[in-house]
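K.L.:
For the record, in the sequence shown the residue sitting at position 242 is 549 according to the working numbering, with numbers rising by one throughout.
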Amino acid sequence: TFPTPSPVQAKEKSELKDFLHISDFDKATIMNILNRAAEVKALLKSGERTYLPFKGKTMAMIFAKPSMRTRVSFETGFSLLGGHAIYLGPDDIQMGKREETRDVARVLSRYNDIIMARVFAHQDILDLAKYSSVPVVNGLTDYNHPCQIMADALTMIEHIGQLEGTKVVYVGDGNNIVHSWLLLAAVIPFHFVCACPKGFEPDEKTVEKARQAGVSKIEITNDPKEAVRGADVVYSDVWASMGQKEEAAYRRQVFKGFQVDEALMKLAGPKAYFMHCLPAERGVEVTDGVIEAPNSIVFPQAENRMHAQNAIMLNLLGF
Ligand code: CP
Numbered sequence: 308t309f310p311t312p313s314p315v316q317a318k319e320k321s322e323l324k325d326f327l328h329i330s331d332f333d334k335a336t337i338m339n340i341l342n343r344a345a346e347v348k349a350l351l352k353s354g355e356r357t358y359l360p361f362k363g364k365t366m367a368m369i370f371a372k373p374s375m376r377t378r379v380s381f382e383t384g385f386s387l388l389g390g391h392a393i394y395l396g397p398d399d400i401q402m403g404k405r406e407e408t409r410d411v412a413r414v415l416s417r418y419n420d421i422i423m424a425r426v427f428a429h430q431d432i433l434d435l436a437k438y439s440s441v442p443v444v445n446g447l448t449d450y451n452h453p454c455q456i457m458a459d460a461l462t463m464i465e466h467i468g469q470l471e472g473t474k475v476v477y478v479g480d481g482n483n484i485v486h487s488w489l490l491l492a493a494v495i496p497f498h499f500v501c502a503c504p505k506g507f508e509p510d511e512k513t514v515e516k517a518r519q520a521g522v523s524k525i526e527i528t529n530d531p532k533e534a535v536r537g538a539d540v541v542y543s544d545v546w547a548s549m550g551q552k553e554e555a556a557y558r559r560q561v562f563k564g565f566q567v568d569e570a571l572m573k574l575a576g577p578k579a580y581f582m583h584c585l586p587a588e589r590g591v592e593v594t595d596g597v598i599e600a601p602n603s604i605v606f607p608q609a610e611n612r613m614h615a616q617n618a619i620m621l622n623l624l625g626f
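1) Closer than 7 Å by C-beta to Leu585: which residues in its own chain qualify, once you throw out the five before and the five after it? Chain order, please.
2) Can you give me the C-alpha to C-alpha distance between Thr383 and Ala556, rounded to a whole angstrom?
3) Assuming contact is defined by CB atoms lying nearer than 8 Å, are Phe370 and Arg413 in contact in what I supplied?
4) With a threshold of 7 Å, establish whether the CB of Cys584 neighbours any heavy atom of ligand 3.
5) What's the gap between the Cα of Gln519 and the Cα of Asp410?
6) Could you tell me which uninterrupted alpha helix (DSSP H) segments, each at least 4 residues in length, are contained entirely in the region 467-539, listed from first to last along the chain?
7) Assuming Phe361 and Gly550 make a contact with CB atoms under 8 Å, what is their CB distance in whole Å?
8) Along the chain, where does the alpha helix (DSSP H) that runs through Tyr580 open and close?
9) Skipping 5 residues on each side, what residues in its chain have a beta carbon closer than 6 Å to that of Lys324?
10) Can the beta-carbon of Asp459 be found closer than 8 Å to that of Met572?
11) Which runs of the alpha helix (DSSP H), 4 residues or longer, sit entirely within the region 561-626?
12) DSSP on Met375, reduced to helix/strand/coil?
13) Closer than 8 Å, CB to CB, is Tyr580 near chain D or not?
14) Report back the beta-carbon spacing between Leu415 and Ile422 to the nearest angstrom; my notes put them in contact at under 8 Å.
15) Examine the Cβ distances between the region 351-367 and the region 469-484 and report whether three or more of them are shorter than 8 Å.
This is the structure in structure tokens:
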């Protein structure tokens with residue numbers, strides 16, 4: 308059920324060294340990576356363990372803050388395909404504090420075949436990519452989360468049959484997940500709606516970039532009830548991220564009315580799936596009932612982080 312990229316546009320390998328923003332890639336390359344993710348997922352799910360393209364290769368994983376999904380999905384995926392992943396936490400590297408980012412990039416490039424970084428400050432990922440001689444994968448910044456959105460696209464194709472032409476409604480803060488959806492909508496045609504409280508809209512330049520691409524219908528609204536009508540996917544994320552702990556109580560007040568609950572899902576209709584990048588605060592941005600409902604696909608979505616990332620790394624490493 309995966310759309311086959313046009314043979315004219317299709318490129319087997321990315322011409323880009325790094326994976327930093329979805330919109331750096333053309334539609335054919337994104338679809339090729341998603342197809343590859345599905346193939347390698349099927350192989351790994353079958354129990355096959357003889358496909359080892361990363362044998363003899365190492366990956367440095369830089370984490371500025373704690374993470375479960377990103378760490379385990381990258382480390383497991385790289386290991387299952389024969390490679391060795393090295394975890395570097397906040398005690399090992401303090402980008403721009405203990406050591407300059409450009410020096411970290413040049414040193415790690417000399418040991419490793421690929422670098423994955425979850426650095427929060429977006430400039431750090433740009434600097435890492437600029438000074439690294441090996442591919443750099445953006446494992447999340449405060450601006451965007453391209454690996455998550457590739458996993459989300461894969462999950463939608465598996466459950467809906469396609470990404471193109473669907474209606475995705477994000478309910479909550481106009482954060483890095485929303486920017487990733489907007490950058491995807493600049494390349495692949497679908498209808499994207501962000502329903503957020505006033506003052507919590509996504510970055511204006513990114514909204515403009517997505518609109519100017521002329522590929523997808525983009526709406527930013529403050530009315531979640533109207534937004535979710537006819538949605539194929541209702542998507543949510545935490546109202547306060549790790550860096551916003553002091554604001555959490557204030558945000559709970561402002562975001563009242565933006566909780567994805569059973570009533571909102573009913574307005575979306577029976578075919579709407581619920582998605583969330585996790586971790587979720589049950590009872591805050593989403594109810595327990597919605598996350599546990601049969602049309603919640605948050606766990607296949609979390610699993611697909613690994614498969615999408617494997618395909619991204621295969622592409623960047625030339626397989
Ligand atoms: N979704 C996500 O990036 O999860 P972690 O914070 O657990 O890595």
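Each residue gets a CB set at the ideal place from its N, CA and C atoms; glycine is no exception. Predicted model only: the values in this text are computed from it and were never measured.
P.N.:
Quick answer:
1) The residues are Arg376, Val605 and Ala609.
2) Inter-residue distance for Thr383 and Ala556 is about 36 Å (C-alpha atoms, whole angstroms).
3) Judged by their CB atoms, Phe370 and Arg413 are not nearer to each other than the 8 Å cut-off.
4) In the structure shown, ligand 3 is absent; the only ligands present are ligand 1.
5) Roughly 37 Å separates the two Cα atoms.
6) The region 467-539 contains these whole alpha helix (DSSP H) runs: 483-492, 511-520 and 531-534.
7) Contact flag wrong, Cβ pair sits at about 32 Å.
8) Run containing Tyr580: none in the alpha helix (DSSP H); it sits in the beta strand (DSSP E), Tyr580 to His583.
9) Shown here for Lys324: same chain residues with a beta carbon closer than 6 Å to its own, the five before and five after excluded, namely Pro442 in chain order.
10) Against a cut-off of 8 Å, the Cβ pair of Met572 and Asp459 comes out as no contact.
11) Complete alpha helix (DSSP H) runs here, min 4: 569-575, 595-599 and 605-623.
12) The three-state reading of DSSP puts Met375 in coil, since its state is none of H, G, I, E or B.
13) Within the model displayed, chain D is absent; a lone protein chain is all it includes.
14) With a contact defined as Cβ atoms closer than 8 Å, Leu415 and Ile422 qualify at about 5 Å.
15) Three or more beta-carbon pairs separated by less than 8 Å are not found between the region 351-367 and the region 469-484, which leaves the two stretches without contact.
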